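Trainee: Sharing a structure here in structure tokens format.
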Amino acid sequence: MGAILLAFGSALVGAVVGAVLGAYLQRKWPPDMSAEIANLRRQVTELQSKVEAQENARKAQEARARFRPRAEVRGEPPEPQFLVLTADRDFELTRLDYIADTGAMVTFEDVQKSGGRIETPINSAKVMQVWNLRPRQGSLPVQFQFRCHLSLDGFETECLVEALIQPTWKSVGNAQTCFCKVTLSL
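This note's numbering applies: residue 15 is where the sequence shown begins, and numbers increase by one.
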């Protein structure tokens, strides 16, 4: 009889402990978690979309910041010279700064031209302003820069074009005249 009571007591204690443990676990982990799982999946999808959008925006901004059109100078003084900027996509040149070899901006001009290839005249009077900043000896070239203010897909950026002012002497009538020829630095 003692063994039966012991077995019955063990069964009763096991049932009570099982019921208490089951009730605790049901409160801790509800049996239907599909709504919570669906909500978590939706949140993860939203976060992934935001991260992807931010990453794409960052890559686009880096591409615009690295954008550098190819530059060349066309023409020979006394004829007009032109700064030609070429790229594989359309852009806008809004302003052209003339920068001395000291880094100081001497003068600028508003341009407002757009396209994949932009040809803008080099203002010889502004080149002469850069040339006249310092006394020169002989016919040594002078370094300067064009700072090109560009707009690409609504994003403003700048690029520097290294250039030289090379004095050239040509006969005009009965006199020797100095012209400032602009070439690109290599």
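All residues carry an ideal CB built from backbone N, CA and C; glycine is no exception.
As the structure is a prediction and not an experimental result, all values here were calculated from the model.
Sorted by chain position, which residues of the same chain lie with C-beta nearer than 6 Å to P94's C-beta, five sequence neighbours on each side aside?
Mentor: Residue mapping note: residue 94 aligns to position 80 of the sequence shown, counting from 1. So the list reads P135, once near-sequence residues are dropped.
Trainee: How close, in whole Å, do the beta carbons of S153 and L178 come, if the pair is a contact with beta carbons under 8 Å?
Mentor: If you number the sequence shown from 1, residue 153 lands on position 139. If you number the sequence shown from 1, residue 178 lands on position 164. That belief does not hold up - the Cβ atoms of S153 and L178 are roughly 12 Å apart, past 8 Å.
Trainee: Roughly how many whole angstroms lie between the Cα atoms of S24 and A33?
Mentor: Start at 1 with the first residue of the sequence shown, and residue 24 comes out as number 10. Start at 1 with the first residue of the sequence shown, and residue 33 comes out as number 19. Their Cα atoms are separated by approximately 14 Å.
Trainee: Which partner residues of K127 appear in the DSSP bridge assignment?
Mentor: Position 113 of the sequence shown, counted from the first residue, corresponds to residue 127. As a beta-bridge residue in DSSP terms, K127 pairs with L107.
Trainee: Taking 8 Å as the cut-off, does the segment 169-187 touch the segment 118-133 (at least 3 CB pairs, one atom from each stretch)?
Mentor: no
Trainee: Assess, as a yes-or-no matter, whether the segment 67-84 is touched by the segment 138-152 under the definition of 3 or more beta carbon pairs within less than 8 Å.
Mentor: Judged by Cβ distances under 8 Å, the segment 138-152 makes no contact with the segment 67-84, as fewer than three pairs qualify.
Trainee: With respect to the beta strand (DSSP E) encompassing S185, which residues constitute its N-terminal and C-terminal limits?
Mentor: Taking the sequence shown and counting its residues from 1, the one referred to as residue 185 is at position 171. According to the DSSP assignment, S185 belongs to the beta strand (DSSP E) that extends over F169 to V186.
Trainee: Indicate the three-state DSSP secondary structure (helix, strand or coil) for S48 in the structure shown.
Mentor: In the sequence shown, residue 48 corresponds to position 34, counting from 1. Three-state DSSP puts S48 in a helix.
Trainee: Who are the Cβ neighbours of E86 in its own chain at under 6 Å, not counting the five residues just before and after it?
Mentor: Counting from 1 along the sequence shown, the entry for residue 86 is found at position 72. Residues V98 of the same chain have their beta carbon placed closer than 6 Å to that of E86, with the five preceding and five following residues left out of the count.
Trainee: Is any heavy atom of the ligand ATP found at a distance shorter than 7 Å from the C-beta of A71?
Mentor: No copy of the ligand ATP appears in this structure; indeed no ligand is present at all.
Trainee: For F169, which option in A52, R56 and L107 has the closest C-alpha, if you only look at C-alpha atoms?
Mentor: Here the question's residue 169 lines up with position 155 in the sequence shown. It is L107 whose Cα lies nearest to the Cα of F169.
Trainee: Pick from A79, I51 and K64: whose alpha carbon is nearest that of L164?
Mentor: Indexing the sequence shown from 1 puts residue 164 at position 150. Nearest option by C-alpha distance: A79.
Trainee: So, is L110 buried or exposed, given that buried needs 16 or more other C-beta atoms within 10 angstroms?
Mentor: On the sequence shown, position 96 is the one that residue 110 refers to. It counts as buried.
Trainee: If you run the structure through DSSP and keep just helix, strand and coil, what is T121?
Mentor: Position 107 of the sequence shown holds residue 121. Looking at T121 - three-state DSSP - the assignment turns out to be strand.
Trainee: Per DSSP, F96 is paired with what?
Mentor: Sequence index remark: in the sequence shown, residue 96 carries index 82 (1-based). DSSP, once it has assigned bridges, lists R88 and P135 as partnering F96.
Trainee: L147 by DSSP, collapsed to three states: which one?
Mentor: For the purposes of this step, residue 147 is taken as the residue at position 133 of the sequence shown. Of the three classes helix, strand and coil, the one that applies to L147 here is coil, per DSSP.
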